[in-house]
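Numbering-wise (my numbering), the sequence shown opens with residue 2 and increments by one. Just so it is clear, CB atoms sit at the ideal spot from N, CA and C, and this is done for glycine as well. Here the structure comes first, spelled out in structure tokens, and everything after it is commentary.
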Amino acid sequence: MLRDGLFNNRSTNSPIAVKVVKSFIFCLFLLNYSASAQINVGDSLALVDLYHSTNGPGWKNSNNWLNNKVSEWYGVSVTSTRVTGLSLINNHLDGTLPASLGNLTAITGIYLSNNNIHESIPASISDLPVLNFLHLSNNQINGDIPDELGNVITLKELHLNHNKLTGVIPETLRRLTNLLELMLDHNRLTGSISAGLGDTRIRRLDFSYNQLSGTIPDRLARIRNLRELRLSNNQLTGEIPYGLAPVICYLFDVSSNNLTGGIPSDLSNNSTLAHVNLSNNALTGKIPSLSGMPGLQSLELDSNHLTGSIPSSFSNLNRLVRLNLMSNQLSGTIPGGLCSLPDLQFLQLSNNQFTFDGMECIGRTDNTSMFATYQYQNQKTLTLNQSNSILSLTAGGNLANNTYHIYKDSVLVESIKGDSSFPVSEGGKYWVEVTNDQADKLTLYSNQIDVSTSIILPLQWLGFTAVNCSGDACLEWQTENEQNTSHFEIEKSTDGSNFIKIQSQTSKNSPGRHSYNTTDRTPVLGSNFYRIKQVDLDGTYAYSNIVSVSINATGTLTIVPNPANDFFILSGITKATNVSVYNIAGQLLNQWNNINGNQQLNIANLQQGLYIIKVLQNGKETVHKLVKQ
């Protein structure tokens, strides 16, 4: 008995016989049903084959299949008497595609992505004369891409990505002159890219994540209105063809190959290109200007061998959101305009040859920092130079923001801010670590050098301080073991970088410890920076550390005496909540609470040297230097 396209069979024959009988009866029913519904019989049988070959009972949705009208079967589109569309995306199809699909000669779209279809693509697909869309992505299809697909000249979209296809890309696909999208990514395809694809009208071409080799064909530059070109994660070699980048409208990705040569200069001739990824290749040379790319949103050039500096024109890429230049050999100054780009959120400059030049605006730690993600660690190894008893190096950036941590035999011996020259009196293995107040994610390191154990320091600096003396700047410094010293020149700066000579004092030039002092009676309001230039009899010279003093209209807190022996007092305060003494390594040594301005603070337990005094008053902490003599 037939009921709703199904039947009940009460025969007691063998299971095989029952199955044969059922199939025969069903086919008779289907022929009669299709005729009554005026649906092409070949179309109906092809759909039934698909149902059985892909485990129809296990589909996620099989509403009305093998029942009712074919036009009411889930995912089937019917026009007049013919099946014109089939869409069973993400529907748990599990099995193979039947050859009878070639009977759906009126179908324009087959959408079977996101299932578990396996084995090969039937060559009979080539018998579909009006097929526009073939989407079989995200399945388990293996084998070669049939050459016969090149005969389906009506195809506009061919999506075979995310499968297990092997072999080469058929040369016959060049015949698909109406093709707009060719998606073959995430397969196991080998061989080269056909130059004939340059004669098509493709807008989206994705061959990424395969095993393709050879060069990128020059003829691809003949494609007009090419919106996306993705060739990443293959084994392509050679150079990026000149003329290719200007024809791509939106996205250009050839990352993770073995490409060589430079970045084509004509890349800048594309005003619409939004995303460029040339990372993880072996590209050399300099980065071109890119001044003609106002629409650029992301630029990935990391993991190449690029040299030179970042072009200043990058400051005009106002739509840039992501910039990755890490793991190259770039150097020079970071364009200041990068800090003003309105949309830039991701900046990666790590593993290059930069110093602090330009990094301060990028890495500023205040609440105006604009970057959601930025990184620039592991840069140039600084060259540590030795001239007689003076070590020096250049770290770039604003000198006043730099702190130099000097290591001898892997032990931190001193941390100096604002001075890139360091006198040494003992032999050993020296190296320097440099940090910057405004570039918090970057630490620069010098090479290590051996300083001779026989070195004799003509002059040893014991301390150099500057304090506010009723609106003047009072300077004091102490030396030991002066040898062949002619005189001292006092230099002043208002920015910590550019110094001018304001005074001179003759050296005592004799053994033992000596103290000197002078007064700058014309300091500016705000910060004043000072350093001492020690000049030898032969004209050689060395600098002290840089000290600063702030001159305010209302006066300031000072430490007196400074240098001190066993006691000091705080001048310029009524009462301090807390006073703490630290060594230069940051260890807390002494601490007092509720201190008035006339109270002596005992430091007899401290050895000679430089210390940091932190004073908390009225909820604000100030930091000062103290020399114990």
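Is the distance from the Cβ of residue i to the Cβ of residue j below 7 angstroms?
i      : j      : result
Ile194 : Pro218 : yes
Leu383 : Leu445 : yes
Asn329 : Glu301 : no
Gly359 : Thr395 : no
Gly428 : Lys409 : no
Ala222 : Val248 : yes
Trp74  : Asn62  : no
Asp344 : Val322 : yes
Val425 : Val452 : yes
Asn162 : Ser127 : no
Phe315 : Pro336 : yes
Asn133 : Lys157 : yes
His160 : His187 : no
Asn270 : Gly293 : yes
Ser54  : Thr97  : yes
Asn482 : Gln461 : yes
Leu180 : Ile146 : no
Thr173 : Gly192 : no
Ser214 : Asn234 : no
Ile613 : Gly598 : no
Phe465 : Gly398 : no
Can you tell me which residues form a DSSP beta bridge with residue i?
i      : result
His276 : Leu252 and Ser299
Lys626 : Ile613
Glu240 : Thr261
Gly464 : Gln479
Glu182 : Glu158 and Arg205
Arg514 : Glu481
Glu120 : Ile142
Tyr542 : Val536
Tyr531 : Lys493 and Val548
Trp593 : Val580
Lys418 : Thr404
With a 10 Å radius around its C-beta and 16 neighbouring C-beta atoms as the bar for buried, classify residue i as buried or exposed.
i      : result
Phe355 : buried
Asp567 : exposed
Ala36  : Residue placement at Ala36 cannot be trusted, given a pLDDT of 41 that sits under 50; what the coordinates show is reported in the next sentence. Flag for Ala36 reads exposed.
Pro524 : buried
Ile547 : buried
Asn33  : The predicted position of Asn33 is uncertain, since its pLDDT is 45 and thus under 50; no value can be drawn from it.
Ala554 : Confidence is the limiting factor: at Ala554 the pLDDT is only 44, short of 50, which leaves the residue's position unreliable and the question unanswerable from this model.
Pro99  : buried
Phe512 : Reading off the sequence, residue 512 comes out as Pro, not Phe. That one is exposed.
Gln439 : buried
Thr366 : Note that Thr366 scores 43 on pLDDT, short of 50, meaning its location in the model is unreliable; the coordinates nonetheless yield the value given after this. The residue in question, Thr366, is exposed, as its Cβ has fewer than 16 Cβ neighbours within 10 Å.
Gln212 : exposed
His306 : exposed
Gln609 : exposed
Arg189 : exposed
Ser388 : exposed
Leu31  : Low per-residue confidence applies at Leu31: pLDDT is 49, beneath 50, and the placement is therefore not dependable, though the value from the model is reported in the following sentence. The residue in question, Leu31, is buried, as its Cβ has 16 or more Cβ neighbours within 10 Å.
Thr520 : exposed
Leu589 : exposed
Gly1   : Given a span of 2 to 630 for the chain in the structure shown, any question on residue 1 remains unanswerable.
Ser494 : buried
Glu120 : exposed
Ile501 : exposed
Lys626 : buried
Phe25  : Note on Phe25: pLDDT 44, under 50, position unreliable in the model; the coordinate value appears next. The residue in question, Phe25, is exposed, as its Cβ has fewer than 16 Cβ neighbours within 10 Å.
Val624 : exposed
Val561 : exposed
Ala605 : exposed
Ser272 : exposed
Gln39  : exposed
Under 8 angstroms by Cβ, that's how I've got residue i and residue j pegged, so tell me the actual separation to the nearest angstrom.
i      : j      : result
Val550 : Val468 : 6 angstroms
Leu198 : Arg175 : 6 angstroms
Leu48  : Val77  : 7 angstroms
Asn406 : Ser422 : Checking the sequence, you will find His at residue 406 rather than Asn. At roughly 14 angstroms, the Cβ-Cβ gap does not stay under 8 angstroms, so His406 and Ser422 are not in contact.
Asn319 : Leu342 : 6 angstroms
Lys621 : Tyr583 : With a Cβ gap of about 18 angstroms, Lys621 and Tyr583 do not count as contacting.
Pro265 : Ala283 : The Cβ separation is near 15 angstroms, so there is no contact.
Leu129 : Val153 : 6 angstroms
Ser505 : Glu490 : 5 angstroms
Tyr251 : Asp267 : Rounded, the Cβ-Cβ distance is 17 angstroms, inconsistent with contact.
Glu1   : Leu260 : The question about residue 1 has no answer, for the chain in this structure spans 2 to 630.
Are three or more beta carbon pairs between the region 376–386 and the region 524–542 nearer than 8 angstroms? no
With three or more C-beta pairs closer than 8 angstroms as the rule, is the region 86–100 touching the region 110–124? yes
Okay, do the region 37–46 and the region 80–89 touch, 3+ Cβ pairs below 8 angstroms being the bar? yes
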